[in-house]
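Quick note: the sequence shown uses the UniProt record's numbering, first residue 1, plus one each step. The structure under discussion appears below in the form of structure tokens.
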Amino acid sequence: MSKKKKSSTRSRSRNQSRGKMKLRSHRKIKNAGPNLETTAAMLPQEMKNRIYGLVLGGNLLHIKRDLIKFKRDVVHSTKGDIKERRFTHQICCSQTSEEDAQHRFDAEDGSSLYVKGIELRHSGCGPSKRKGSAYTPLRMDVNLLHACRQIYNEARFMPYSTNTFSFHTPRNLRTFIHLLVQCGVNVNTAFRSLHVDIAHINHDLHGWGQAFNAVTQHMTLLEKVYINVDQRPNWSICADAEQKEAAMRPVLDCLAILGKTPAKSTMIVVSDRHLSRMSDANLAGASTAWISCRWTVEEKKMWVEEVKLAIQDTQFFG
């Protein structure tokens with residue numbers, strides 16, 4: 001055999017051996033990655049729930065109904081976009097938590113008219129009214145639910161049970177609950193924490209009563225309720241304490257409906273955004289009669305205690 005033939009056979013054997021090595025190394029790399037479902041199954045369920053709660057929970061979510069525009073399909077002959085109201089959420093960007101607001105409300109001097117620093121704590125959680133101002137709401141990241149089927153089945157209700165859902169209108173609260181029930185979400189076991197911001201109470205009192213009845217019917221495992229009641233200028237037009245209490249009696253009866261829930265913790269803060277938005281000069285120039293019609297923090301605390309007693313009576317006596 002000549003030298004040329006020997007060199008060609010050697011080169012062929014080397015190329016074949018290199019090809020085998022490549023295939024073997026490729027096979028090792030392909031099988032080297034761990035299976036996500038197998039890794040998730042190895043962890044204890046308590047540890048997994050803790051991880052799910054840290055990733056998907058721990059936020060206060062403002063639930064709103066926004067008008068969303070959709071492009072029409074080619075099949076539609078009518079021109080223009082489709083407009084539809086859909087529920088959206090936004091993570092609260094307030095630096096003051098509801099627990100902190102409750103603590104500052106309880107520690108405030110009783111002679112003051114409002115608590116500075118907590119009245120407008122959620123004012124920056126929405127789009128600015130100034131023209132041309134850019135606004136990008138913070139959304140909850142639920143990409144973990146798309147990792148694998150096992151994680152989805154285990155953590156699909158975690159966004160409901162580990163977050164606090166905040167509502168500013170009774171219609172949104174009532175409609176949101178009914179929509180989840182229609183979609184097959186077990187609302188009874190999903191929700192644990194609820195926040196309501198009540199304003200314009202004279203106009204929406206009947207609506208809030210219907211919304212709270214829906215809460216007591218469907219949120220049977222509710223643990224925490226945060227209530228913020230904003231004192232409107234038309235609540236009381238007299239400085240008499242009995243008339244002030246009589247003006248707020250319907251509001252107290254409405255909030256007492258929440259006593260039918262199994263919530264163990266109820267936090268109530270009474271704010272006065274109208275006064276907090278006024279400058280010191282305007283507040284000093286306000287008439288004494290108008291100021292005397294406003295509630296002091298001490299009067300607000302006394303009313304809050306009456307609401308809590310009404311809620312407890314509803315829990316015990318139904």
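Glycine is no exception: its CB is placed at the ideal position from the N, C-alpha and C atoms. Computed from a predicted structure; not experimentally measured.
Checklist entry - For TYR226, which three-state DSSP category applies? => result Within the sequence shown, residue 226 is the residue found at index 226, counting from 1. It is a strand residue.
Checklist entry - To the nearest angstrom, how far is it from the Cα of THR261 to the Cα of THR220? => result By one-based count along the sequence shown, residue 261 stands at place 261. By one-based count along the sequence shown, residue 220 stands at place 220. Computed Cα separation, rounded: 6 Å.
Item to check | Given PHE165 as reference, the closest of GLN102, ASN188, GLN90 and LEU138 once Cα atoms are compared | outcome: Indexing the sequence shown from 1 puts residue 165 at position 165. With distances taken between Cα atoms, PHE165 lies closest to GLN90.
Checklist entry - Any chance the segment 101-121 sits against the segment 145-154, with 3 or more Cβ pairs inside 8 Å? => result Judged by pairs of C-beta atoms under 8 Å, the segment 101-121 does not touch the segment 145-154, as fewer than three such pairs exist.
Next on the checklist: So, for ASP197: in the same chain, excluding its five sequence neighbours on each side, which residues have a beta-carbon less than 8 Å away from its beta-carbon?
Outcome noted: The count along the sequence shown starts at 1 and reaches residue 197 at position 197. Within the same chain, ASP197 has close Cβ partners HIS122, SER166, PHE167, HIS168, ASN228 and ASP230.
Item to check | Secondary structure of PHE191, DSSP reduced to three states | outcome: For the purposes of this step, residue 191 is taken as residue 191 along the sequence shown, with counting starting at 1. PHE191: coil per DSSP, three-state reduction.
Checklist entry - So, is LYS116 buried or exposed, given that buried needs 16 or more other C-beta atoms within 10 angstroms? => result Working through the sequence shown from its first residue, we reach residue 116 at position 116. Counting C-beta atoms within 10 angstroms of its own C-beta, LYS116 has fewer than 16 neighbours from the protein chains shown and is therefore classed as exposed.
Checklist entry - Applying the criterion that 16 or more other CB atoms from any shown protein chain within 10 Å of the CB defines a buried residue, is ASP313 buried or exposed? => result If you number the sequence shown from 1, residue 313 lands on position 313. Exposed, since its Cβ has fewer than 16 Cβ neighbours within 10 Å.
Checklist entry - Which residues in the same chain as VAL75 place their Cβ atom closer than 6 Å to its Cβ, once the five residues preceding and following it in sequence are excluded? => result Translated into the one-based positions of the sequence shown, residue 75 becomes position 75. The predicted model places VAL75 with a pLDDT of 49, which falls under 50 and marks its position as unreliable, so this point remains unresolved.
Next on the checklist: Let me confirm a value: MET42 is counted as buried when at least 16 other C-beta atoms fall within 10 Å, else exposed. Which label applies?
Outcome noted: Mapped onto the sequence shown, residue 42 falls at position 42. Under a 10 Å Cβ-count criterion, MET42 is classified as exposed, with fewer than 16 other Cβ atoms of the shown protein chains found around its own Cβ.
Checklist entry - Any idea if SER128 is buried or exposed, counting beta-carbon neighbours within 10 angstroms, 16 or more meaning buried? => result Looking up residue 128 in the sequence shown gives position 128. With a pLDDT of only 49 at SER128, under the threshold of 50, the placement of this residue in the model should not be trusted; the figure read from the coordinates follows. The C-beta of SER128 has fewer than 16 other C-beta atoms within 10 Å across all chains shown, which makes the residue exposed.
Next on the checklist: Given this structure, state the Cα-to-Cα distance separating ARG139 from THR189, to the nearest angstrom.
Outcome noted: Within the sequence shown, residue 139 is the residue found at index 139, counting from 1. Within the sequence shown, residue 189 is the residue found at index 189, counting from 1. Rounded to the nearest whole angstrom, the CA to CA distance from ARG139 to THR189 is 23 Å.
Checklist entry - In chain order, what residues of the same chain have a beta carbon less than 8 Å from the beta carbon of ILE311, not counting five sequence neighbours either side? => result Numbered from 1 along the sequence shown, position 311 holds the residue referred to as residue 311. Annotation for ILE311: LEU255, ALA256, LEU258, GLY259 and THR266 place their beta carbon closer than 8 Å to its own, counting only its chain and skipping 5 residues before and after.
Checklist entry - Roughly how many angstroms lie between the CA atoms of ALA211 and HIS218, to the nearest whole one? => result Residue mapping note: residue 211 aligns to position 211 of the sequence shown, counting from 1. Residue mapping note: residue 218 aligns to position 218 of the sequence shown, counting from 1. Near 11 Å, if we compare the C-alpha coordinates of HIS218 and ALA211.
Checklist entry - So, using beta-carbon positions, are SER111 and THR296 closer together than 8 Å? => result Start at 1 with the first residue of the sequence shown, and residue 111 comes out as number 111. Start at 1 with the first residue of the sequence shown, and residue 296 comes out as number 296. At a Cβ-Cβ threshold of 8 Å, SER111 and THR296 count as neighbours.
Next on the checklist: On the criterion of 16 or more Cβ atoms from any shown chain inside 10 Å, does LEU54 qualify as buried, or is it exposed?
Outcome noted: Translated into positions along the sequence shown, residue 54 becomes position 54. Looking at its Cβ environment, which holds fewer than 16 other Cβ atoms inside 10 Å, LEU54 is exposed.
Checklist entry - What does a CB cutoff of less than 6 Å around TYR52 pick up in its chain, not counting 5 residues either side in sequence? => result For the purposes of this step, residue 52 is taken as residue 52 along the sequence shown, with counting starting at 1. Result list for TYR52: ALA155 and MET158, in chain order.
Checklist entry - Hey, out of ASN172, ILE177 and THR216, whose CA is closest to GLN315's CA? => result Indexing the sequence shown from 1 puts residue 315 at position 315. The shortest Cα separation from GLN315 among ASN172, ILE177 and THR216 belongs to THR216.
Item to check | Per DSSP, cross-strand counterpart(s) of THR164 | outcome: Counting from one through the sequence shown, the residue named residue 164 turns up at place 164. Note: THR164 sits in a beta bridge opposite LEU60 and SER193.
Checklist entry - Expressed to the nearest angstrom, what Euclidean distance is found between the alpha-carbon atoms of THR175 and LYS64? => result Taking the sequence shown and counting its residues from 1, one reaches residue 175 at position 175. Taking the sequence shown and counting its residues from 1, one reaches residue 64 at position 64. Computed Cα separation, rounded: 11 Å.
Checklist entry - Assuming VAL304 contacts VAL270 under a Cβ cut-off of 8 Å, what Cβ separation, rounded to an integer in Å, is found between them? => result The residue labelled residue 304 in the question sits at position 304 within the sequence shown. The residue labelled residue 270 in the question sits at position 270 within the sequence shown. Going by Cβ atoms, the distance from VAL304 to VAL270 rounds to 6 Å, so yes, they are a contact pair.
Next on the checklist: Can you tell me where the beta strand (DSSP E) holding VAL269 begins and where it ends?
Outcome noted: Counted from its first residue, the sequence shown places residue 269 at position 269. Start and end: 265-271.
Checklist entry - Between the C-alpha atoms of GLY207 and ASN213, what's the straight-line distance to the nearest angstrom? => result As a first step, residue 207 must be located in the sequence shown, where it is residue number 207. As a first step, residue 213 must be located in the sequence shown, where it is residue number 213. The C-alpha of GLY207 lies about 10 Å from the C-alpha of ASN213.
Next on the checklist: Once DSSP output is grouped into helix, strand and coil, what is the label at GLN45?
Outcome noted: The residue you call residue 45 lines up with position 45 of the sequence shown. If DSSP states are grouped into helix, strand and coil, GLN45 belongs with the helices.
Next on the checklist: For ARG249 and ASP109, what's the separation of their Cα atoms in angstroms?
Outcome noted: Residue mapping note: residue 249 aligns to position 249 of the sequence shown, counting from 1. Residue mapping note: residue 109 aligns to position 109 of the sequence shown, counting from 1. C-alpha separation (whole angstroms): 24 Å.
Item to check | Inter-residue spacing [alpha-carbon to alpha-carbon] between LYS301 and LEU113 | outcome: Within the sequence shown, the letter at position 301 stands for residue 301. Within the sequence shown, the letter at position 113 stands for residue 113. If you take the alpha carbons of LYS301 and LEU113, they lie about 12 Å apart.
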